[in-house]
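Encoded as structure tokens, the structure appears first; notes follow it.
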Amino acid sequence: MADMKACADIFNRWVDATVWMPRIHAPEDVERHYRETLFANGTVIIAESQGEIAGFLALAEERFVSALYLDPSHRGAGIGAALLSEAKRRAKGELKLWTFAENARAQRFYQRQGFVPIRRTSGDNEEGLPDILYLWRPLASKEAILGTGGSDV
């Protein structure tokens, strides 16, 4: 239960520190969602550093990353890459995730980890923000995912 609260706190701090991200759920609602959904129905991989939770990754159905957040003091230390590596190992095939179009830092990170964009939306999500669906496959290239010749997404 302490892990769930620490993960919800990491997410809530990210929302509060991200200018373009609307706060659509009260912090206590995020905690409830994590307890009743994220931790209850999925797999949550937690990274610790010096006895504290440094970040977490949530998998839904073992092939979809529904959350990847790091405590700001632990960014740039390879923790996000380690969490994604573990998710890839567990996925046994492809792995998908969404990120917001405004989040250029996350996009660069995911692309460095071998993910390619396969779909964009204009904001038909709960937050009302444009987002991008990314796909990772072992040893996949953009051409292999999109077909010969590819197309810009």
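Just so you know, we're using my numbering here: the sequence shown kicks off at 1 and counts up by one.
Ideal placement from N, C-alpha and C gives every residue a C-beta, glycine not left out.
Alpha carbon of residue i to alpha carbon of residue j, nearest angstrom
i   : j    : result
I10 : Y69  : 7 Å
S73 : A54  : 8 Å
A58 : L133 : 16 Å
W20 : G93  : 33 Å
P27 : N12  : 6 Å
E52 : P130 : 33 Å
K5  : R75  : 20 Å
V15 : P138 : 31 Å
P22 : R35  : 22 Å
F64 : Q50  : 29 Å
Proximity below 8 Å, CB of residue i to CB of residue j
i    : j    : result
F115 : W98  : no
A8   : E31  : yes
A77  : L38  : no
R90  : E127 : no
With 16 other Cβ atoms within 10 Å as the buried cut-off, status of residue i
i    : result
P117 : buried
G80  : buried
T47  : In the sequence on display, residue 47 carries Ala and not Thr. Buried: at least 16 other Cβ atoms inside 10 Å.
D71  : buried
Q111 : exposed
Extent of the continuous beta strand (DSSP E) to which residue i belongs
i    : result
V65  : 64-70
R119 : 116-120
D131 : 131-136
First and last residue of the uninterrupted alpha helix (DSSP H) at residue i
i   : result
E52 : Looking at the DSSP string, E52 is not in any alpha helix (DSSP H); the run it does join, the beta strand (DSSP E), is 52-60.
Ignoring anything shorter than 3 residues or poking outside the region 76-103, list the beta strand (DSSP E) runs there in chain order.
95-100
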